[in-house]
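Residue numbers (the numbering used here): 3 to 300.
This is the structure in structure tokens:
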């Protein structure tokens, strides 16, 4: 399949089709030059064990930039390039960290080029895939598919990968890039309710939980930037972890986490409070070691 002879429809991911009319418009010469320059900057700090792998990565990124949101065959345009891309991604010498090494270095350069505090936003993303054999890729969760003829709930397993990443953003909202990332999958998923029937999750060490990703990515971000005092690590309720707070204090960095429980500070529970009049103004109150009570507005 050549780049000029496209079939009427291209099947993407086995679940939907893309017609010729919906194909992305090709880049102009100026746009293509900008894409190549951007790829070269992002890969400047990337060092793969073989120069041929580096050249293939550069070519693959340029191709993907021309078809953002499309499948790999759509980006590569022909079978030769598609097969080369799959061969590159299946190479044992290539890992996600090796691919992103250059981008991390570029993020650090952009971090050093700006002043002021930097928001390091953490979150987890699910990457679901449709596979005939879900066990080969792993599972994400189990979801309800409705009721069968007998009225019983039908459950099916969603297979795919999970990605936890840290995005560095300035206080004005300018994204600087990723500072840490972690991919993983689950051999099976039973949910927290099933786990609580057998063991108290609070008694499981943090390094044996998936929650360790919050601490690991914070450590990677601090190590990458080398300026923990400028970083403010932001997380949702899933990041309400005591070990995370202790690690942030040990690293000398800052954090802003939406709590899901009321924490006991020096024998006294301090909870989220609201302004008595008008619109709610949430504040979080903590009592320091020498007894002074401090409140911070969110």
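Beta carbons: idealized from backbone N, C-alpha and C, even for Gly.
Quick one: Cα of residue i to Cα of residue j, how far?
i           : j           : result
residue 116 : residue 179 : 13 angstroms
residue 143 : residue 162 : 9 angstroms
residue 97  : residue 186 : 13 angstroms
residue 62  : residue 254 : 39 angstroms
residue 49  : residue 34  : 24 angstroms
residue 137 : residue 64  : 32 angstroms
residue 45  : residue 105 : 6 angstroms
residue 241 : residue 148 : 31 angstroms
residue 189 : residue 118 : 43 angstroms
residue 47  : residue 92  : 22 angstroms
residue 153 : residue 212 : 35 angstroms
residue 95  : residue 174 : 39 angstroms
residue 13  : residue 249 : Here residue 13 scores only 32 on pLDDT, less than 50, and its place in the model is too uncertain to base an answer on.
residue 66  : residue 256 : 36 angstroms
residue 208 : residue 57  : 40 angstroms
residue 172 : residue 134 : 43 angstroms
residue 158 : residue 146 : 7 angstroms
residue 156 : residue 150 : 6 angstroms
residue 201 : residue 71  : 42 angstroms
residue 80  : residue 89  : 14 angstroms
residue 32  : residue 229 : Since pLDDT at residue 32 reaches only 49, below the 50 mark, its modelled position is unreliable, and the value read off the structure follows with that caveat. One C-alpha to the other measures close to 37 angstroms.
Give the secondary structure of residue i by DSSP, where H, G and I count as helix, E and B as strand, and everything else as coil.
i           : result
residue 260 : coil
residue 255 : coil
residue 2   : Here the chain has residues from 3 to 300 only, and residue 2 is not among them.
residue 48  : coil
residue 204 : helix
residue 187 : coil
residue 38  : helix
residue 167 : strand
residue 229 : coil
residue 121 : strand
residue 92  : coil
residue 240 : helix
residue 182 : strand
residue 98  : helix
residue 212 : coil
residue 80  : coil
residue 279 : Model confidence at residue 279 stands at a pLDDT of 41, short of 50, so the residue's coordinates are unreliable; what they give is reported in the following sentence. Three-state DSSP puts residue 279 in coil, outside helix and strand.
Go ahead and label residue i buried or exposed: buried means 16 or more other beta carbons lie within 10 angstroms of its beta carbon, across all protein chains shown.
i           : result
residue 216 : buried
residue 170 : buried
residue 85  : exposed
residue 219 : buried
residue 235 : buried
residue 233 : buried
residue 252 : exposed
residue 261 : exposed
residue 140 : buried
residue 75  : buried
residue 1   : There is simply no residue 1 to check, as the chain begins at 3 and stops at 300 in what is shown.
residue 110 : buried
residue 39  : exposed
residue 206 : exposed
residue 87  : buried
Measure the beta-carbon distance from residue i to residue j and round it to whole angstroms, keeping in mind my assumption that it falls under 8 angstroms.
i           : j           : result
residue 101 : residue 59  : 7 angstroms
residue 259 : residue 245 : Wrong, their Cβ atoms sit about 12 angstroms apart, outside the cutoff.
residue 82  : residue 69  : With 8 angstroms as the limit, residue 82 and residue 69 do not qualify as a contact, their Cβ atoms being about 17 angstroms apart.
residue 121 : residue 181 : That pair is no contact at about 11 angstroms.
residue 166 : residue 103 : Contact flag wrong, Cβ pair sits at about 18 angstroms.
residue 43  : residue 114 : Their Cβ separation, rounded to whole angstroms, is 15 angstroms, which puts residue 43 and residue 114 out of contact at 8 angstroms.
Return the bridge partner residues of residue i from the DSSP annotation.
i           : result
residue 149 : 155
residue 143 : 160
residue 177 : 171
residue 130 : 162
residue 234 : 121 and 256
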